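*Asks:* Per the working numbering, the very first residue in the sequence shown carries number 1301; after that it's consecutive. For every residue, glycine included, the Cβ atom is placed at its ideal position computed from N, Cα and C. In this text the structure is predicted, and so the values were computed from the model without any measurement.
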Amino acid sequence: MSATAKMFYVVQPFIKGKRGGLKAEQAIQAPSENAALLRAERMAGSKAGVLVFSQTGDPEMGDFDEPVFLASHGDVPSRD
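1. Mind checking whether Tyr1309 and Gln1326 have CB atoms under 8 Å apart?
2. Are there three or more Cβ pairs, one per stretch, closer than 8 Å when the stretch 1335 to 1348 is compared with the stretch 1359 to 1367?
3. In this structure, how does DSSP classify Ala1336 when only helix, strand and coil are distinguished?
4. Taking DSSP's pairing of strands, which residues face Lys1347 in a bridge?
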């Protein structure tokens, strides 16, 4: 990872698709882990599911570590 790498906190909401499967909506970047967790809790009542994860990376280089899953609410895709 480069010296310009930074931590990203992401909230990924999901809705039910036309055929009943899950469809990812626009991911939302949060300024902190706590902000991401709070936003996910608020969204959980209006979405099929919500995932929260952090990821270290350098967007300029396109280099990212594996995501670290912090929380999930409702129906979310399998992470196997």
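*Replies:* In terms of the structure at hand:
1. For Tyr1309 and Gln1326, no; Cβs fall outside 8 Å.
2. no
3. helix
4. DSSP lists no beta-bridge partner residue for Lys1347.
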